[in-house]
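Enquirer: Once you've had a glance at the structure underneath, I'll fire off some questions.
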Amino acid sequence: MSIWENNIVMERHSEGKRIITRLNSNQNLIEIGEPGNCRIWTTLAFKIVRSAFPNTQLEAREVDISEYLQHTFLKITPINEEPLLCDGLGQKNILLFFDYESEAPKHLQNSRMDILNSYLKFDNSKFRDNIHLLTS
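Numbering of the sequence shown is given in the working numbering, commencing with residue 3 and proceeding in unit increments.
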């Protein structure tokens with residue numbers, strides 16, 4: 003089962019294809035793929051991509067859905083490439099999105115940094131040594 007099927011970015015962006023392939027192969031990520039789990043999904047996706055593509059810049063982003071409800075997704079910037087947005091859960095009645103930031107649908111535009119970045123950016127060798135426990 004694929005998180006993103008027939009996604010055009012896979013045809014025009016080789017690094018995006020490698021990232022999607024990695025995310026699609028992680029059973030834990032697929033199992034938590036339900037609306038309402040966007041921060042959990044983004045945290046795991048962040049760790050998977052960081053482990054597999056260490057030179058790729060990553061950032062958790064959030065947008066307001068309503069006054070008291072936010073949605074979190076991942077911004078991925080491969081070296082010397084245009085940023086990609088990776089929304090692996092979507093929102094109610096809105097499809098998943100993985101494509102260039104410049105192609106983002108209206109509901110993902112005007113995003114801001116998510117608080118998750120404060121917790122995900124640390125560089126810890128013990129964490130790196132044990133990343134396989136989270137991503138296998």
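Ideal Cβ placement from N, Cα and C applies to all residues, glycine included.
Predicted model only: the values in this text are computed from it and were never measured.
In terms of alpha-carbon separation, which member of Asp-66, Ala-54 and Gly-90 lies closest to Arg-114?
Expert: Asp-66
Enquirer: Measuring straight from C-alpha to C-alpha, what distance separates Leu-76 and Leu-60?
Expert: 7 Å
Enquirer: Label Pro-80 either buried or exposed according to how many other C-beta atoms from any shown protein chain fall within 10 Å of its C-beta, with 16 as the threshold for buried.
Expert: buried
Enquirer: Have a look at Leu-31 and Tyr-70 and give me their C-alpha separation to the nearest angstrom.
Expert: Between Leu-31 and Tyr-70, the C-alpha separation is close to 26 Å.
Enquirer: Could you compute how far the alpha carbon of Glu-33 sits from the alpha carbon of Ser-27?
Expert: 11 Å
Enquirer: Do Thr-44 and Thr-74 have their C-beta atoms closer together than 8 Å?
Expert: Contact: yes.
Enquirer: In the DSSP assignment, the alpha helix (DSSP H) including Glu-33 goes from what residue to what residue?
Expert: It spans 29-33 - the alpha helix (DSSP H) in which Glu-33 sits, taken as one unbroken run.
Enquirer: What is the residue span of the beta strand (DSSP E) that Thr-74 lies within?
Expert: Bounds of the beta strand (DSSP E) holding Thr-74 are 71-79.
Enquirer: Could you check if Phe-21 is buried or exposed, using at least 16 other CB atoms within 10 Å of its CB as the buried criterion?
Expert: In the sequence as displayed, the identity of residue 21 is Ile instead of Phe. Per the 10 Å Cβ criterion, buried.
Enquirer: Is it buried or exposed, Gly-90, if we count other Cβ atoms within 10 angstroms and call 16 or more buried?
Expert: Buried: at least 16 other Cβ atoms inside 10 Å.
Enquirer: Unbroken alpha helix (DSSP H) runs of length 4 or more, entirely within the region 81-115: which are they?
Expert: none
Enquirer: Using a Cβ-Cβ cut-off of 7 Å (strictly less than) and excluding sequence neighbours within five positions of Leu-122, which residues of its own chain qualify?
Expert: Thr-45, Phe-48 and Ala-62
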